[in-house]
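Structure, as structure tokens:
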Amino acid sequence: MPQSVIQIKDLHVAFGDNYVLRGVDLDLYKGENLVVLGRSGTGKSVLIKMLVGLLKPDSGSVTVLNEDVMALDSIELDKLRLKVGFSFQNSALYDSMTVRENLEFPLVRNVRNLTRSEIDRQVEEALDNVGLKQAINQVPSELSGGQRKRIGIARTLILKPEIMLYDEPTAGLDPITCTEINSLINEVQERNGASSIIITHDLTCAKTVGDRVAMLFDGQFQRMGTFDEVFATDDERVQQFYHYNFTESK
Amino acid sequence: MNPPSPTTERPLLSKRLDDILLSLYNVFTFIGRFFREVVLPPYEGREIIRQCYEVGVRSLPLISLTGFITGIVFTNQSRPSLSQFGATSWLPSLVSIALVRAIGPLVTSLIAAGRVGSNIGAELSSMRVTEQIDAMEVSATNPFKFLVVSRVLATTFMIPVLTMYAIAVGLLGSFLNVSSSEATSLQSFISEVFNTITFLDIFSSVIKSVVFGFTIGMVGCYQGYNSSKGTEGVGKAANASVVTSMFLVFVEELLALQIVGAIRDM
Numbered sequence: 001m002p003q004s005v006i007q008i009k010d011l012h013v014a015f016g017d018n019y020v021l022r023g024v025d026l027d028l029y030k031g032e033n034l035v036v037l038g039r040s041g042t043g044k045s046v047l048i049k050m051l052v053g054l055l056k057p058d059s060g061s062v063t064v065l066n067e068d069v070m071a072l073d074s075i076e077l078d079k080l081r082l083k084v085g086f087s088f089q090n091s092a093l094y095d096s097m098t099v100r101e102n103l104e105f106p107l108v109r110n111v112r113n114l115t116r117s118e119i120d121r122q123v124e125e126a127l128d129n130v131g132l133k134q135a136i137n138q139v140p141s142e143l144s145g146g147q148r149k150r151i152g153i154a155r156t157l158i159l160k161p162e163i164m165l166y167d168e169p170t171a172g173l174d175p176i177t178c179t180e181i182n183s184l185i186n187e188v189q190e191r192n193g194a195s196s197i198i199i200t201h202d203l204t205c206a207k208t209v210g211d212r213v214a215m216l217f218d219g220q221f222q223r224m225g226t227f228d229e230v231f232a233t234d235d236e237r238v239q240q241f242y243h244y245n246f247t248e249s250k
Numbered sequence: 001m002n003p004p005s006p007t008t009e010r011p012l013l014s015k016r017l018d019d020i021l022l023s024l025y026n027v028f029t030f031i032g033r034f035f036r037e038v039v040l041p042p043y044e045g046r047e048i049i050r051q052c053y054e055v056g057v058r059s060l061p062l063i064s065l066t067g068f069i070t071g072i073v074f075t076n077q078s079r080p081s082l083s084q085f086g087a088t089s090w091l092p093s094l095v096s097i098a099l100v101r102a103i104g105p106l107v108t109s110l111i112a113a114g115r116v117g118s119n120i121g122a123e124l125s126s127m128r129v130t131e132q133i134d135a136m137e138v139s140a141t142n143p144f145k146f147l148v149v150s151r152v153l154a155t156t157f158m159i160p161v162l163t164m165y166a167i168a169v170g171l172l173g174s175f176l177n178v179s180s181s182e183a184t185s186l187q188s189f190i191s192e193v194f195n196t197i198t199f200l201d202i203f204s205s206v207i208k209s210v211v212f213g214f215t216i217g218m219v220g221c222y223q224g225y226n227s228s229k230g231t232e233g234v235g236k237a238a239n240a241s242v243v244t245s246m247f248l249v250f251v252e253e254l255l256a257l258q259i260v261g262a263i264r265d266m
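Protein sequences, first through last, are from chains A and B. The opening position of the first sequence corresponds to residue 1 in UniProt numbering, with each subsequent residue numbered one higher. The opening position of the second sequence corresponds to residue 1 in UniProt numbering, with each subsequent residue numbered one higher.
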């Protein structure tokens with residue numbers, strides 16, 4: 001049986017009267033890409049923010065790399081966060097810093113005794129991996145949406161995380177850039193052996209990168225399996241999602 | 001299993017009063033966290049220096065201009081009243097007392113509230129809505145220490161420095177105005193100034209500026225760090241930073257006036 005790197009059990013989250021997650025169970029296995037699909041506002045982003053302690057659930061348990069996230073103190077949580085990369089929906093690049101400084105930021109703060117040349121080498125290597133070495137001295141406002149996304153992923157990968165969490169990696173991008181981002185996600189899986197959760201409502205992305213797909217409806221995973229297994233159903237909500245998505249993309 | 005019940009408790013007093021008390025609790029928690037984080041390692045030395053540069057050096061042109069003009073205007077406006085009593089020779093004393101005791105710290109702090117406070121509020125708020133603060137947190141960096149502690153320390157250190165500078169520039173403006181109409185040397189002007197102002201005047205001015213600086217930094221950071229509601233929140237945070245810190249600076253000035261007055265009477 002494959003080793004589980006993330007285990008979510010009976011997770012409940014509500015914001016006031018709004019129940020977002022109602023008893024979510026999920027396992028992410030080592031080395032796999034798991035795509036979480038669902039309509040906007042169904043709690044997909046909330047779910048992955050729980051995994052790094054940015055949000056706390058009302059009940060349930062979250063175990064990441066055998067650590068109970070809710071039971072960790074801030075120092076232990078920081079240690080865990082170094083093993084989990086988080087790529088934000090809007091890239092979340094630091095506006096006041098250049099691309100080089102953005103990539104250096106997590107590195108110099110978390111890896112001790114690095115020489116200047118070693119930092120430069122790692123930054124250049126990370127940029128090379130996402131094909132944006134030439135952007136090293138630019139500031140985020142000078143970059144396109146796709147470039148910002150790739151720099152955001154490079155900044156996350158510089159610490160060589162064991163798990164990657166992608167929040168809407170292809171949202172708002174043109175189809176060609178989407179394809180590039182999808183390839184990058186697959187490369188990360190192959191090159192780093194990272195396990196990933198990819199939050200999206202882009203079915204092309206789900207089909208391209210997902211080893212497994214989980215569909216979130218009404219605060220629970222209603223369907224889970226390979227892409228074809230998930231959509232081999234008469235469930236109207238699933239079919240509606242499928243047809244609407246592909247009609248829209250055409 | 002049934003989902004947990006959402007937090008829809010009835011207000012304890014009234015909704016508005018509950019909100020006010022909750023806001024006060026949040027403010028004091030924020031201030032308490034600042035004092036906890038400021039003493040705990042790691043220390044963000046480089047970021048503190050960078051923020052000191054942002055607050056101090058980048059405010060110099062505006063502080064120079066306002067300080068200089070304030071000195072000229074105050075001297076010019078005071079001259080007619082003093083000349084009625086043939087006491088224009090008291091101008092250096094009058095201007096130095098006014099600048100050191102009240103106008104210097106107040107003008108500098110109000111300028112800083114407008115320039116620095118709004119900048120901090122807008123910057124942190126923008127970082128909040130674009131998830132940059134979350135990104136810092138997930139990369140195992142304490143955003144409170146990096147963003148809030150460094151900025152509050154920078155305003156607390158630099159506003160007293162700017163205040164002393166503004167007083168000096170104001171006195172220069174005053175001297176130029178005095179010397180344009182009276183035969184006064186710079187040496188006698190300075191001598192008159194230092195004969196008038198006391199250690200308590202300077203000490204209270206510095207302490208007041210420290211408090212004003214802390215207030216401006218803290219208000220800007222609180223508004224920005226706890227911002228929400230997307231881009232609308234950025235404007236609101238910047239606006240609230242300026243309005244709240246200016247209001248608090250005036251309240252603190254009033255309190256300082258009473259305290260220093262009581263010390264002077266002792």
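We put the beta carbon where it would ideally sit given N, CA and C, even for glycine.
Residues of the stretch 99 to 116 of chain A with a C-beta atom less than 9 Å from some C-beta of chain B are Phe105, Pro106, Arg109 and Asn110, listed in chain order. Within a 10 Å sphere around the beta-carbon of A:Val108 sit fewer than 16 other beta-carbons, which makes this residue exposed. For A:Leu82, the neighbours in chain B by C-beta distance under 9 Å run, in chain order, Ser139 and Ala140. By the Cβ rule, the stretch 7 to 20 of chain A counts as touching the stretch 55 to 74 of chain A, because three or more pairs are nearer than 8 Å. Within the stretch 114 to 137 of chain B, contact with chain A at the beta-carbon level (separation under 7 Å) is assigned to Thr130, Glu131, Gln132, Asp134, Ala135 and Glu137. A distance below 7 Å between beta-carbons, with the five flanking residues on each side excluded, links A:Val46 to the following residues of its chain, in chain order: Val13, Val20, Leu21 and Leu55. A Cβ of chain B is located within less than 9 Å of the beta carbon of A:Asp78. Look at A:Arg112 here: in three-state DSSP terms it is coil, with no helix or strand label. Residue contact with chain B for A:Val62: absent (no Cβ-Cβ distance below 9 Å to any residue of chain B). Residue pairing by DSSP puts A:Ala214 in a beta bridge opposite A:Val36 and A:Met224. In the three-state DSSP reduction, A:Asn18 falls in the strand class (E or B). If you compare the alpha carbons of A:Thr170, A:Val5, A:Gln220 and A:Arg39 with that of A:Leu51, the shortest gap goes to A:Val5. Our two residues, B:Ser181 and B:Ser81, have alpha carbons roughly 15 Å apart in a direct line. Put simply, the CB of A:Ser141 is far from chain B, with every gap to its CB atoms at 9 Å or more. If you check the CB distance, A:Gly31 and A:Ala194 come in under 9 Å. Counting only residues of its own chain and dropping the five nearest sequence neighbours on each side, B:Arg115 has a CB closer than 7 Å to the CB of Ser59 and Leu62.
In terms of Cβ geometry, B:Val148 and B:Cys221 form a close pair [threshold 9 Å].
For A:Lys49, the nearest CB of chain B lies under 9 Å from its own CB, placing it at the interface with that chain. Considering only beta carbons, no part of the stretch 154 to 179 of chain A lies closer than 7 Å to chain B. In the same chain as B:Phe214, and ignoring 5 residues on each side of it, the C-beta atoms closer than 6 Å to its own belong to Thr156, in chain order.
With its beta carbon at least 9 Å from every one in chain B, A:Asn129 lies outside the interface. The Cβ of A:Ala126 sits no closer than 9 Å to any Cβ of chain B.
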